[in-house]
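Colleague:
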Amino acid sequence: MSKKGTFFVVGVGPGDPELMTLKAARILEKCPAWLAPAARVDGESTALTIVKGAVQWEKKNILIHHFPMKKVPTGKKPDAEIQEAWNKAAQWVNEQLEQGVDVALPTLGDPAIYCTGFYVYKTLLAAHPDVKVEIIPGISAIGATAAAAKTPLCLGDDELVVIPAVFENGKLRKTLEQFNSLVFMKVYKSMDRLVPLLKEMDLLEKAVLVERTSMGEEQVHHDVESVLGRELHYFSTLIVRR
Ligand SMILES: C[S@@+](CC[C@H](N)C(=O)[O-])C[C@H]1O[C@@H](n2cnc3c(N)ncnc32)[C@H](O)[C@@H]1O
Numbered sequence: 001m002s003k004k005g006t007f008f009v010v011g012v013g014p015g016d017p018e019l020m021t022l023k024a025a026r027i028l029e030k031c032p033a034w035l036a037p038a039a040r041v042d043g044e045s046t047a048l049t050i051v052k053g054a055v056q057w058e059k060k061n062i063l064i065h066h067f068p069m070k071k072v073p074t075g076k077k078p079d080a081e082i083q084e085a086w087n088k089a090a091q092w093v094n095e096q097l098e099q100g101v102d103v104a105l106p107t108l109g110d111p112a113i114y115c116t117g118f119y120v121y122k123t124l125l126a127a128h129p130d131v132k133v134e135i136i137p138g139i140s141a142i143g144a145t146a147a148a149a150k151t152p153l154c155l156g157d158d159e160l161v162v163i164p165a166v167f168e169n170g171k172l173r174k175t176l177e178q179f180n181s182l183v184f185m186k187v188y189k190s191m192d193r194l195v196p197l198l199k200e201m202d203l204l205e206k207a208v209l210v211e212r213t214s215m216g217e218e219q220v221h222h223d224v225e226s227v228l229g230r231e232l233h234y235f236s237t238l239i240v241r242r
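Just so you know, we're using the working numbering here: the sequence shown kicks off at 1 and counts up by one.
Next up, the structure:
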């Protein structure tokens, strides 16, 4: 029997293929099978597009797999459609591994931050406790956004918090009161709520919003009020730092 393959969850950075690490590129080059996550059915995989800018992909066995964009509440049972997507992904990965094939799951930014790859890993591990997994870190949109905005995230005594902007206003306000450096992710549908809150708290001048960091067509908005009423790209991150 051939030796079982290894499953690699590979962070590929925020968009610019030059921001992929040497290790990410090497692992992707050596894995014959890739599971590329896509947010839409029959949609493109952003992570795959990034990888294609840096690694030969033509001879790879690539499965573009749809993961529904639905909230996964921490510690609670996920929606059945999401669980199904994780199960199918884990099953395909395991079939490759059983044949001795190494599999890579390229993922946007860093795998440790809001990443589907970890759910696939956990699903795989639950069904096959002997599975070999490696997590390859990547440059997160968090650091890349700060770099585009030319701002540090924390210096000296600063306390940094990362928060999805989908929470209700009360929680967003409390977090803004509690910390002096904040990164809001998944902010694209929440600016119409966040801008009035920032205004009320006199924080507008401390905020910077970056759309599509390092992806080409990057936009840095120092005047965050100017985006009100505009449809923002899903790849948008807001930094607020006093
Ligand atoms: C599901 S999370 C993935 C985060 C990713 N694992 C990381 O480490 O950057 C998606 C959110 O990350 C942020 N994001 C990812 N790529 C981005 C980019 N190139 N520019 C701005 N924000 C980005 C946005 O806030 C987006 O809604």
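The C-beta atom is built at its ideal place from N, Cα and C for all residues, glycine as well.
Please read all numbers here as calculations on a predicted model, not as lab measurements.
Using the C-alpha atoms, what's the distance from I136 back to V103?
Modeller: Approximately 13 Å, taken between the alpha carbons.
Colleague: Here's a check: name, in chain order, each residue in its chain whose Cβ is nearer than 6 Å to the Cβ of I142, leaving out the five neighbours to either side.
Modeller: Answer for I142: V183, listed in chain order.
Colleague: Need the endpoints of the alpha helix (DSSP H) that G143 sits in, please.
Modeller: Counting along the chain, the alpha helix (DSSP H) containing G143 begins and ends at 141-149.
Colleague: Using a Cβ-Cβ cut-off of 6 Å (strictly less than) and excluding sequence neighbours within five positions of V208, which residues of its own chain qualify?
Modeller: The residues are A149, H222, I239.
Colleague: Tell me whether M191, by its Cβ, gets closer than 6 Å to a heavy atom of ligand 1.
Modeller: No; taking the cut-off as 6 Å, the Cβ of M191 has no heavy atom of ligand 1 nearer than that.
Colleague: Specify, as a first and last residue, the run of the alpha helix (DSSP H) that M191 falls within.
Modeller: Per DSSP, M191 belongs to the alpha helix (DSSP H) from 191-200.
Colleague: Please determine, among P78, V12, P37, the residue with the shortest C-alpha to C-alpha distance to A89.
Modeller: Minimum Cα distance to A89 is reached at P37.
Colleague: Is the beta carbon of V9 sitting closer than 7 Å to the one on Y121?
Modeller: Yes.
Colleague: Tell me which residue opens and which closes the alpha helix (DSSP H) that R173 is part of.
Modeller: Start and end: 169-178.
Colleague: Give me whichever residues DSSP pairs with E134 in a beta bridge.
Modeller: Bridge partners of E134: F8.
Colleague: What is the C-beta distance between R241 and K189, in whole angstroms, given that I count them as a contact (C-beta under 8 Å)?
Modeller: Rounded, the Cβ-Cβ distance is 22 Å, inconsistent with contact.
Colleague: Return yes when at least one heavy atom of ligand 1 lies under 6 Å from the C-beta of I113, else no.
Modeller: I113: yes, Cβ under 6 Å from ligand 1.
Colleague: Confirm, please, whether the CB-CB distance from T6 to K132 is below 7 Å.
Modeller: A contact, by the Cβ cut-off of 7 Å.
Colleague: Find out if the Cβ-Cβ distance for the pair L108, T49 is shorter than 7 Å.
Modeller: Cβ distance not < 7 Å, so L108 and T49 don't count as in contact.
Colleague: Look up P68 in the DSSP assignment and say whether it is helix, strand or coil.
Modeller: Coil at P68, not helix or strand.
Colleague: Just tell me which of Q91, K52, E231 has its CA closest to the CA of L125.
Modeller: Closest option to L125, Cα to Cα, is Q91.
Colleague: At a threshold of 6 Å, does L108 count as lining ligand 1 (C-beta to nearest heavy atom)?
Modeller: True, at least one ligand heavy atom lies under 6 Å from that Cβ.
Colleague: Look at the alpha carbon of P164 and the alpha carbon of K186, and state the distance between them as a whole number of angstroms.
Modeller: Cα to Cα, P164 sits roughly 6 Å from K186.
Colleague: Which residues in the same chain as V12 place their Cβ atom closer than 6 Å to its Cβ, once the five residues preceding and following it in sequence are excluded?
Modeller: Closer than 6 Å at Cβ, skipping near neighbours: M20, A24, A47, I50, V51, P106, G138.
Colleague: To the nearest angstrom, report how far apart R40 and F67 are at their CA atoms.
Modeller: Spanning the two alpha carbons is a distance of roughly 7 Å.
Colleague: Residues in its own chain within less than 7 Å of K175 by CB, not counting five upstream and five downstream?
Modeller: Residue identity check: residue 175 is Thr in the sequence provided, not Lys. Result list for T175: V161, I163, L182, in chain order.
Colleague: Between T145 and V210, is the Cβ-Cβ spacing less than 7 Å?
Modeller: Yes, they are a contact pair.
Colleague: Given that a residue counts as buried once 16 or more other Cβ atoms are within 10 Å of its Cβ, and exposed if not, what is D42?
Modeller: Exposed.
Colleague: For the beta strand (DSSP E) containing T237, list its first residue and its last residue.
Modeller: Start and end: 236-241.
Colleague: Grab me the residues of E134's own chain with a C-beta within less than 7 Å of its C-beta, minus the 5 sequence neighbours each way, in chain order.
Modeller: Closer than 7 Å at Cβ, skipping near neighbours: T6, F8.
Colleague: Label Q96 either buried or exposed according to how many other C-beta atoms from any shown protein chain fall within 10 Å of its C-beta, with 16 as the threshold for buried.
Modeller: So Q96 ends up on the buried side.
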